[in-house]
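For reference, the structure is listed below as structure tokens.
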Amino acid sequence: MIARAPRNLSALLVLGIPLLWIVVFMLLPYGIIVTYSFWLKSYPTFKPAFQFGNYLTLLTDVQYLQVLGRTLKISILVSILSLGLAYPFAWWLVFRCRSQALRTWAYMAVIAPLWVSYLLRAYIWKTILGTEGILNSFLMSTGLISEPSSLFLYNQFAMVVTLTYIFIPFMVMPIYTALERIPLNLAEASADLGMGPVQTFLKVTLPLSTPGIAAGFTLTFCLSFGDFIAPFLVGGPDGNLIASVIQTQFGAALNWPLGSALSIVMLIIVLAIVSLSDRLEATAHTGAA
Amino acid sequence: MAAIIELQRISKHYSKTIIGVDDVSLDVEDGEFVTLLGPSGCGKSTLLRMIGGFEAPTHGMIRLAGQDVTHVPPYRRDVNMVFQDYALFPHMTVGENIAYGLKIQGRSRAQARDMAVDALALVGLPDKIDQKPAQLSGGQRQRVALARAIVRRPKVLLLDEPLSALDARLRDQMRIEMKHLHEKVGITFIMVTHDQEEALTMSDRVVVMEKGRVAQDGRPQDLYDQPASPYVANFIGTTNFVAGSLTGRSPAGTRIASAAGDFTATADLALPQGAEVTLGFRPEKVRLLAEGETAANVVPGRIAEVIYYGLGLRTTVELAGGTQVHVDCLLPDSLARSAVPQPGAPVRLGIEPHNVFVFAGRVAA
Ligand SMILES: Nc1ncnc2c1ncn2[C@@H]1O[C@H](COP(=O)(O)OP(=O)(O)O)[C@@H](O)[C@H]1O
Ligand SMILES: [Mg+2]
Numbered sequence: 001m002i003a004r005a006p007r008n009l010s011a012l013l014v015l016g017i018p019l020l021w022i023v024v025f026m027l028l029p030y031g032i033i034v035t036y037s038f039w040l041k042s043y044p045t046f047k048p049a050f051q052f053g054n055y056l057t058l059l060t061d062v063q064y065l066q067v068l069g070r071t072l073k074i075s076i077l078v079s080i081l082s083l084g085l086a087y088p089f090a091w092w093l094v095f096r097c098r099s100q101a102l103r104t105w106a107y108m109a110v111i112a113p114l115w116v117s118y119l120l121r122a123y124i125w126k127t128i129l130g131t132e133g134i135l136n137s138f139l140m141s142t143g144l145i146s147e148p149s150s151l152f153l154y155n156q157f158a159m160v161v162t163l164t165y166i167f168i169p170f171m172v173m174p175i176y177t178a179l180e181r182i183p184l185n186l187a188e189a190s191a192d193l194g195m196g197p198v199q200t201f202l203k204v205t206l207p208l209s210t211p212g213i214a215a216g217f218t219l220t221f222c223l224s225f226g227d228f229i230a231p232f233l234v235g236g237p238d239g240n241l242i243a244s245v246i247q248t249q250f251g252a253a254l255n256w257p258l259g260s261a262l263s264i265v266m267l268i269i270v271l272a273i274v275s276l277s278d279r280l281e282a283t284a285h286t287g288a289a
Numbered sequence: 290m291a292a293i294i295e296l297q298r299i300s301k302h303y304s305k306t307i308i309g310v311d312d313v314s315l316d317v318e319d320g321e322f323v324t325l326l327g328p329s330g331c332g333k334s335t336l337l338r339m340i341g342g343f344e345a346p347t348h349g350m351i352r353l354a355g356q357d358v359t360h361v362p363p364y365r366r367d368v369n370m371v372f373q374d375y376a377l378f379p380h381m382t383v384g385e386n387i388a389y390g391l392k393i394q395g396r397s398r399a400q401a402r403d404m405a406v407d408a409l410a411l412v413g414l415p416d417k418i419d420q421k422p423a424q425l426s427g428g429q430r431q432r433v434a435l436a437r438a439i440v441r442r443p444k445v446l447l448l449d450e451p452l453s454a455l456d457a458r459l460r461d462q463m464r465i466e467m468k469h470l471h472e473k474v475g476i477t478f479i480m481v482t483h484d485q486e487e488a489l490t491m492s493d494r495v496v497v498m499e500k501g502r503v504a505q506d507g508r509p510q511d512l513y514d515q516p517a518s519p520y521v522a523n524f525i526g527t528t529n530f531v532a533g534s535l536t537g538r539s540p541a542g543t544r545i546a547s548a549a550g551d552f553t554a555t556a557d558l559a560l561p562q563g564a565e566v567t568l569g570f571r572p573e574k575v576r577l578l579a580e581g582e583t584a585a586n587v588v589p590g591r592i593a594e595v596i597y598y599g600l601g602l603r604t605t606v607e608l609a610g611g612t613q614v615h616v617d618c619l620l621p622d623s624l625a626r627s628a629v630p631q632p633g634a635p636v637r638l639g640i641e642p643h644n645v646f647v648f649a650g651r652v653a654a
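Here the protein sequences come in this chain order: G and E. Residue numbers for the first sequence follow our numbering, so the first one is 1 and each next one is one higher. Residue numbers for the second sequence follow our numbering, so the first one is 290 and each next one is one higher.
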């Protein structure tokens, strides 16, 4: 009995501290935001209430729906572009790259930027795409254009490129892991049973890598969906994304209730995507089980 | 019968120093059960994979049913493989796994399913068609892999250590079943194994490999009774070796002198008198002679150790000159145990001349 008490205490500490952490730093803030989302704005402060006006505004005001639509579009484009670049790369690394050293280096080259400050990575594209930037100098040196073009920066294209660059490691990692887990002899077995390389890819490699695709897609989508730096740096006038609007609502516009409602809508969308991809992965797993 | 597989001077050099297979020529008859036998790393899998099309030989030619298939990819070869760890598709059911290679052969879905059912019945697994591989035991997976490979009725079925992942009891059972399966389907089987017992019990012909080359190729019995080299003699069964030299020939056979005594062997080697040779005889082909008993070759010795292993006794006997040899004898009944030889006791070994192998040269150890 005497020996038992400290053990219970340590168990309490071990489980209790993280639990407390979650409550204080995650659930509590969400609770506050949910509460705010029902309040009313009364410039320059807010007053407690329980009404759905903020949500109604979001659903009826074209401006917000537009931002939401644009954010969805950009996030999906980023995810698709990342997938299109990451999958062949990871596939090549896992199945075609003969040299272990080259594989490690190539993989690290893609992952390494994660250790570089996010802001710096976003700035890199500003310098590449800008009027004084590398892309323009290059195109001018080749004679394709005669004067610097401002077409590359401050638009949705620039955002998609920048966000893809920033978040592509999150697509590469899960796909690489999924592909690496596929035993090499499955492709051989498929060939043995008469399937050419393309059919083997479609019937064996691709289905077995869907959990990785789902995970990568979810990660890049959710990260792009919540991003506000890229729109700020390279987005330009029509580049407002939902996260930057939220930032404005909490900042300059001083409309915390509306900002909170927007945050909640965003959270719901992200959670929906995550649970959808979870379900996809689960079916892929029971498929594999 | 015609050769279904012809390997003509096949080599596989992975690099300048790593040679997987070294100048192998081999014909496999249609319907034969051939086993490639050898220790790990001797190139068995490499040879099998070249027949399957997974590796291209660096030299030589492979013919399948008369056609040159040396550089034909696996998906265009009428050959199927049972992989060592089965390589079943984890995301497909057993039925889908088996039907996988049938659609490309132009079978309808219903036809493919019927064939899968038949194939499963053939391997004794009729009720698992809708399960996933992960729900099956190792032995069941092995049967599915077999069914998936034979359902396409290939000209040749390749099996890479098909039983190595199974436990001993199941392995014994599968040996018999696979032999029966071979007889039933009439497809040529080429199996790889490092287990000599497996090779001997299952195959019509055994190809013993050593360092990428063929050491000997023959019926199991011939390999056992007439091994071509000490390597084969010791890889298939066990063999006692005694160093000696050729002293002459008599009507009874070749005369050989050794530190342990003189031997007569039926085997005749085209060697000059005085040539260094190695004698070999199997532990189970030696008798411990009783008082007054005699044999064509009688070798005196002293018992060093006696090990009881249920079925009989393995006795280690030290011969004159210090060579130790094993002698196996079955225990006819429990009474005979009183006659168990004791360590230190002098014995006489009786060996018949036709049971004495003679190899040119001396073997180390
Ligand atoms: N892909 C490969 N690359 C380089 N060397 C290999 C490769 N596969 C096999 N080897 C080498 O070839 C030799 C024969 O291998 P293998 O055919 O697998 O032998 P076994 O099946 O008899 O154990 C071994 O020395 C092995 O290390
Ligand atoms: Mg092998």
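Glycine residues also receive a C-beta, built at the ideal position from the N, C-alpha and C atoms.
Query, Result
"Cβ pair count under 8 angstroms reaching 3, the segment 196 to 214 of chain G against the segment 368 to 381 of chain E", "yes"
"Those runs of the alpha helix (DSSP H) which lie wholly inside the segment 98 to 152 of chain G and span at least 4 residues", "100 to 111, 118 to 129 and 134 to 142"
"Distance between L93 of chain G and L68 of chain G (C-alpha atoms, nearest Å)", "36 angstroms"
"Chain-ordered neighbours of A376 of chain E on chain G, where CB pairs are closer than 8 angstroms", "P183, N185, L186, E188 and A189"
"Selection from G:V234, G:M266 and G:V62 that minimises the alpha carbon distance to L120 of chain G", "G:V234"
"Cβ-based burial, W256 of chain G [other Cβ within 10 Å; buried from 16]", "buried"
"Buried versus exposed call for L28 of chain G [16 or more other C-beta atoms within 10 Å across all chains shown]", "exposed"
"Proximal residues of chain G, C-beta to C-beta of E390 of chain E below 7 angstroms", "Here the sequence assigns Gly to residue 390 of chain E, which means Glu is not the residue at that position. Near G390 of chain E (Cβ distances below 7 angstroms), the residues of chain G are L193 and G194."
"Rounded C-alpha distance that separates I293 of chain E from R442 of chain E", "14 angstroms"
"Residues from the segment 332 to 363 of chain E in contact with chain G, defined by Cβ distance under 9 angstroms", "R338, G341, G342, F343, P362 and P363"
"Bridge partner(s) assigned by DSSP for H302 of chain E", "E:I308"
"When G:A214, G:M140, G:G143 and G:N136 are compared against L151 of chain G, the one with the closest alpha-carbon", "G:N136"
"Beta-carbon proximity of Y154 of chain G to G239 of chain G, cut-off 8 angstroms", "yes"
"Around ligand 1, Cβ to any heavy atom closer than 6 angstroms, ordered along the chain", "E:Y303, E:I307, E:G309, E:G327, E:S329, E:G330, E:C331, E:G332, E:K333, E:S334 and E:T335"
"Any chain G beta carbon closer than 8 angstroms to Q485 of chain E", "no"
"Near-chain E residues of the segment 192 to 217 of chain G (beta-carbon distance less than 7 angstroms), N- to C-terminal order", "D192, L193, G194, M195, G196, V204, P207 and L208"
"Buried versus exposed, by CB contacts within 10 Å (16 or more), Y389 of chain E", "buried"
"Y597 of chain E in three-state terms, based on DSSP", "strand"
"Simplified DSSP state of S492 of chain E, which is helix, strand or coil", "coil"
"Nearest-angstrom beta carbon gap, F225 of chain G and Q247 of chain G [assumed within contact, 8 angstroms]", "About 14 angstroms separates the two Cβ atoms, so there is no contact after all."
"Cβ neighbour criterion (16 or more within 10 Å) applied to A291 of chain E", "exposed"
"Endpoints, alpha helix (DSSP H) assigned at Q613 of chain E", "Q613 of chain E -> not in any alpha helix (DSSP H); beta strand (DSSP E) instead, spanning Q613 to L619."
"Pairwise C-alpha distance: L223 of chain G and L262 of chain G", "17 angstroms"
"CB contact flag (C618 of chain E, L638 of chain E, <8 angstroms)", "no"
"Delimiting residues of the beta strand (DSSP E) encompassing D655 of chain E", "Because chain E spans 290 through 654 in this model, residue 655 of chain E falls outside it and cannot be assessed."
"Per-residue burial, G537 of chain E [other beta carbons within 10 Å of its own, 16 or more giving buried]", "exposed"
"Cut-off 8 angstroms between Cβ atoms - residues of its own chain near L425 of chain E, not counting five sequence neighbours on either side", "V383, K417 and V433"
"Range covered by the beta strand (DSSP E) that runs through D511 of chain E", "D511 of chain E -> not in any beta strand (DSSP E); alpha helix (DSSP H) instead, spanning P509 to D514."
"Endpoints, the beta strand (DSSP E) within which K41 of chain G is located", "L40 to S42"
"Chain G contacts from the segment 392 to 404 of chain E (Cβ-Cβ distance under 8 angstroms)", "I393 and Q394"
"Contact under 8 angstroms by Cβ, G332 of chain E with M480 of chain E", "no"
"Beta-carbon neighbours of R430 of chain E, restricted to chain G and to distances below 8 angstroms", "Within chain G, no residue comes near R430 of chain E; the closest Cβ sits about 13 angstroms away, beyond 8 angstroms."
"Cβ neighbours of H643 of chain E in the same chain (closer than 6 angstroms, five flanking residues each side left out)", "T555"
"F343 of chain E (DSSP reduced to helix, strand or coil)", "coil"
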